[in-house]
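Inspection log for the structure reproduced underneath, given as structure tokens.
Protein chains: 2
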Amino acid sequence: MGHPAATRGPVRVVGTGLLGASVGMALRAGGVDVVLADPSRTTVLLARDVGAGRLPAPDDGEPLLVVVAAPPDVTADVVLAELAANPHAVVTDVASVKSAVLDAVRAGGGDLRRYVGSHPMAGSERSGPTAARPDLFVGRPWVVAGNRESTPEAVLTVRTLATDVGATPVLLDARVHDDAVALVSHVPQIAASLVAARLRSADPAALDLAGQGLRDVTRIAASDPALWTSILAANAGAVGPVLRALRDDLDTIVAALEQADEAAHAEQVAGGALGAIAGAIAAGNAGVARIPGKHGGARRAYDVVTVLVPDQPGELARLLGDMGTAGINLEELAIEHAPAQAVGLAALSVLRGLGGRLEHELTARGWRVAG
Amino acid sequence: MGHPAATRGPVRVVGTGLLGASVGMALRAGGVDVVLADPSRTTVLLARDVGAGRLPAPDDGEPLLVVVAAPPDVTADVVLAELAANPHAVVTDVASVKSAVLDAVRAGGGDLRRYVGSHPMAGSERSGPTAARPDLFVGRPWVVAGNRESTPEAVLTVRTLATDVGATPVLLDARVHDDAVALVSHVPQIAASLVAARLRSADPAALDLAGQGLRDVTRIAASDPALWTSILAANAGAVGPVLRALRDDLDTIVAALEQADEAAHAEQVAGGALGAIAGAIAAGNAGVARIPGKHGGARRAYDVVTVLVPDQPGELARLLGDMGTAGINLEELAIEHAPAQAVGLAALSVLRGLGGRLEHELTARGWRVAG
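These protein sequences, in sequence, are chains A and B. Mapping of the first sequence onto this note's numbering: position 180 corresponds to residue 180, and the numbering continues sequentially without gaps. Add 1000 to the 1-based position in the second sequence for this note's numbering, that's all there is to it.
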């Protein structure tokens, strides 16, 4: 960003919504010539106005790279059209599923040597070119999914694009990518939506008991239905097996709870039922422990110190300033707001072993450390 | 806390782990005489040493209030024993399920006029009296679940206890409480555990793509299997119907994805399948929108501004300090760490309409605002 880009232009961006326009802005910041195209005249003009690139000119030569940032369900058709229209260009796309696009490009007779799919793991609650930003991809993984026929040069071109926009390229096969996002993104999305859906008919008194756990589990349930329908349908082959395995685990728990409920009245619960429940929770322990922590390292165990923070501008800053003065780095921060009180609880995670000192330092500075 | 308590002692705390010892410490801070009991001599001596109260004395009179903070599966037996041993005392418990305890106390012939169940919505990753703190309950809901026979005086005694320890009392019937926690706590716990369990066999490359969504959905999957087995078994009657409804929704999605997968090869997806997926995601939108926001008010829509923060002590404090200087209050904060880079992304949520000004103020102060 701000450094000269290694990508050589002209780069043609087809589809100038959030992702396409952000790619354009990031490349423009590196001095690359970016040509914009979109079926919507309004969208492409907006993208130009926010600095994502220029409109095509009559004497433009063939682009060296085409970035297709169309909706997932039309991506393959656009990739095919661009491969045909630009017989020497490398073509990539940024759709969040990769096998379906690759299969369709192959079925459509596209030149697979020049096609390398990709998936930047970035987004925003907002959409469209006006939400675009040159820093959208900074620090995010950008999956580069070459196929067996992709030339090394084509793969390098897309890797360089990812690096130029500030992302971290991750080379993965399309199928491996799709299986991965099924596990780490698509199935969690479905689970969050299903849990949140149960709240539709909840008593308001029940919702008043909601804590940080429910908020965390359901946060992504606010996602866009149209976009997710298209993603899930396009990755049905990878999502299905994971979801069926989850459904089988769920059936086991439902059956165990039915046994436990009957037994509660008979005052004895079958050991097998309790074991099934404990096993499911323990399996969750094992799974969550595998999620990498900060900076791609292994998940770290943190000490957590919870502090009462008056709900006024500057108070949280003062707290973190006191941490900085004490020389203790914050690893994670969660804020919980107390119901009906003008106070929040800030859960400060610090490296294991530093919790005691942090607590001492903060208490000495007048902070109220809570449980 | 620090103010004189309205609760009149002596208060007998039976079970001096995290919750019991914290109740004792909070009451002691208000000047209440607290007598401690626990089947483990070590545990009760530790509780005394951290300031949760004193050991029983030979000339002690009957306590006015007994707080049973035993494990969920033995709570009813302890409540029955305390009701019998202290024929004038009000007895409450702090187990996280209420109907099962009430039913067992009724079945055991306990004096229900003097029994009022309760459930403080507080806890900690740590357990035992050494993790106890007088502020554990500050700002948290404390459910007071009287039964039909509870006297108004008994209910008032438990309400006063909740207020004295800094919690917000919430009066709920035991069944309403159990249905509520099934929805907002127990079913989310199961969903988080099941999603996390799928990660056990994940390719490390897949886990490297994990973003904040997965981390949020699975955070509570790190919970204690033994405790949760006991909670879920004791609330099986309330959890079961919610879980079965969720399972039915899941079956619908599994079937829709199977249709979509077959259709992908036939290049046409049945409209019904897509509609089912979109409907599930939209139902999640509707459910999550009902979760109350900060300070018990309706969930607010926030503007989110994401800022790059160097990963050094004091940098986040400086950022929030700049927000404070600009007079803009932080509503929510999420920190995401970029893989393999010494930089974090701080997502600052502010009241809708303030995002533009915040972005302007931060940019003017040299911060890099990301997407």
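For every residue, glycine included, the Cβ atom is placed at its ideal position computed from N, Cα and C. These numbers were taken from a predicted model, which means no experiment stands behind them.
Would you report the Cα separation of residue i and residue j, rounded to the nearest angstrom?
{"i": "Ser1201(B)", "j": "Val187(A)", "result": "15 Å"}
{"i": "Ala1196(B)", "j": "Ala1089(B)", "result": "45 Å"}
{"i": "Asn147(A)", "j": "Arg113(A)", "result": "8 Å"}
{"i": "Leu246(A)", "j": "Asp1135(B)", "result": "39 Å"}
{"i": "Arg1299(B)", "j": "Leu1345(B)", "result": "For Arg1299(B), the predicted structure reports a pLDDT of 46, less than 50, and the residue's modelled location is therefore unreliable. The matter cannot be settled from this model."}
{"i": "Asp203(A)", "j": "Tyr115(A)", "result": "53 Å"}
{"i": "Ser349(A)", "j": "Pro56(A)", "result": "51 Å"}
{"i": "Ala255(A)", "j": "Pro1087(B)", "result": "41 Å"}
{"i": "Val1021(B)", "j": "Ala1037(B)", "result": "According to the sequence as given, residue 1021(B) is Ala; it is not Val. Cα-Cα distance, rounded: 10 Å."}
{"i": "Val34(A)", "j": "Leu45(A)", "result": "14 Å"}
{"i": "Val309(A)", "j": "Gly166(A)", "result": "35 Å"}
{"i": "Ala1005(B)", "j": "Val1013(B)", "result": "16 Å"}
{"i": "Leu156(A)", "j": "Val144(A)", "result": "9 Å"}
{"i": "Asp103(A)", "j": "Ala191(A)", "result": "28 Å"}
{"i": "Gly51(A)", "j": "Asp77(A)", "result": "27 Å"}
{"i": "Ala338(A)", "j": "Ala1122(B)", "result": "No answer about Ala338(A) holds up, because its pLDDT of 48 lies below 50 and its placement is not dependable."}
{"i": "Trp367(A)", "j": "Asp322(A)", "result": "10 Å"}
{"i": "Val1362(B)", "j": "Glu315(A)", "result": "First, the amino acid is wrong: residue 1362(B) is Leu here, not Val. Whole-angstrom Cα-Cα distance: 18 Å."}
{"i": "Gly24(A)", "j": "Gly53(A)", "result": "6 Å"}
{"i": "Glu332(A)", "j": "Pro1058(B)", "result": "49 Å"}
{"i": "Arg1318(B)", "j": "Asp173(A)", "result": "42 Å"}
Listing by chain order, which chain A residues have their CB less than 8 Å from the CB of residue i?
{"i": "Thr1229(B)", "result": "Leu274, Ile277, Ala278 and Ile281"}
{"i": "Leu1214(B)", "result": "Val184, Ser185, Pro188 and Ile291"}
{"i": "Thr1218(B)", "result": "Pro188, Gly284, Gly287, Val288 and Ile291"}
{"i": "Val1044(B)", "result": "Simply none; closest approach about 20 Å."}
Strictly under 8 Å for the Cβ-Cβ distance: is residue i near chain A by that measure?
{"i": "Asp1164(B)", "result": "no"}
{"i": "Glu1062(B)", "result": "no"}
{"i": "Ala1202(B)", "result": "yes"}
{"i": "Ala1052(B)", "result": "no"}
{"i": "Ser979(B)", "result": "No statement about residue 979(B) is possible, as the shown extent of chain B runs from 1001 to 1371 and does not include it."}
{"i": "Arg1300(B)", "result": "Any reading at Arg1300(B) must be qualified, since the residue scores a pLDDT of 49, below 50, and its modelled position is unreliable; no value is offered."}
{"i": "Ala1081(B)", "result": "no"}
{"i": "Val1155(B)", "result": "no"}
{"i": "Val1013(B)", "result": "no"}
{"i": "Asp1077(B)", "result": "no"}
{"i": "Leu1308(B)", "result": "yes"}
{"i": "Ala1070(B)", "result": "no"}
{"i": "Leu1354(B)", "result": "no"}
Run through chain B and tell me which residues come within less than 7 Å of residue i, C-beta to C-beta.
{"i": "Ala364(A)", "result": "Chain B residues near Ala364(A): none, gap ~16 Å exceeds 7 Å."}
{"i": "Leu316(A)", "result": "Leu1320 and Leu1330"}
{"i": "Asp33(A)", "result": "The premise fails here: Asp33(A) is roughly 23 Å from chain B at the closest Cβ pair, so nothing lies under 7 Å."}
For residue i, return the contacting residues in chain B, with the cut-off set at a CB-CB distance below 8 Å.
{"i": "Pro10(A)", "result": "The contacting residues do not exist; Pro10(A) stays about 24 Å from chain B at best."}
{"i": "Leu112(A)", "result": "Going along chain B, no residue has its Cβ under 8 Å from Leu112(A), so there is no contact; the nearest lies around 19 Å."}
{"i": "Gly240(A)", "result": "Val1254, Leu1257, Glu1258 and Asp1261"}
{"i": "Leu27(A)", "result": "Those within 8 Å of Leu27(A) in chain B number zero; the least Cβ separation is about 15 Å."}
{"i": "Ala226(A)", "result": "Ala1278"}
Residues of chain A with CB closer than 7 Å to the CB of residue i, please, in chain order.
{"i": "Leu1351(B)", "result": "Here the premise fails: no neighbours, minimum Cβ distance about 12 Å."}
{"i": "Arg1198(B)", "result": "Leu183, Val187, Val242, Ala245, Leu246 and Gly287"}
{"i": "Val1067(B)", "result": "Going along chain A, no residue has its Cβ under 7 Å from Val1067(B), so there is no contact; the nearest lies around 16 Å."}
{"i": "Leu1345(B)", "result": "Gly139"}
{"i": "Leu1232(B)", "result": "Leu257 and Ile277"}
{"i": "Ala1180(B)", "result": "Asp203, Ala205, Ala206 and Leu209"}
Please confirm if residue i has its CB atom under 8 Å from at least one CB of chain B.
{"i": "Val23(A)", "result": "no"}
{"i": "Leu172(A)", "result": "yes"}
{"i": "Arg368(A)", "result": "yes"}
{"i": "Val176(A)", "result": "yes"}
{"i": "Asp49(A)", "result": "no"}
{"i": "Leu194(A)", "result": "yes"}
{"i": "Val305(A)", "result": "no"}
{"i": "Ala5(A)", "result": "no"}
{"i": "Leu358(A)", "result": "no"}
{"i": "Ala145(A)", "result": "no"}
{"i": "Ala205(A)", "result": "yes"}
{"i": "Glu361(A)", "result": "no"}
{"i": "Asp251(A)", "result": "yes"}
{"i": "Ala37(A)", "result": "no"}
Since residue i meets chain B, which of its residues come closer than 9 Å, beta carbon to beta carbon?
{"i": "Leu161(A)", "result": "What Leu161(A) touches in chain B: nothing, since even the nearest Cβ is about 17 Å away."}
**Request:** Assess, as a yes-or-no matter, whether the region 222-236 of chain A is touched by the region 83-99 of chain A under the definition of 3 or more beta carbon pairs within less than 8 Å.
**Result:** Three or more beta-carbon pairs separated by less than 8 Å link the region 83-99 of chain A to the region 222-236 of chain A, which places the two stretches in contact.
Whether or not the region 1212-1224 of chain B and the region 282-291 of chain A are in contact is what I'm after, with contact meaning three or more pairs of Cβ atoms, one per stretch, closer than 8 Å; do they touch?
yes
Using a Cβ cut-off of 7 Å, which residues of the region 83-108 of chain A contact any Cβ in chain B, in chain order? Going along the region 83-108 of chain A in chain order, one finds Ala100 with a Cβ nearer than 7 Å to chain B.
Query raised in the report: Is the region 1203-1213 of chain B in contact with the region 1174-1186 of chain B, if contact means three or more CB pairs nearer than 8 Å?
Result: no
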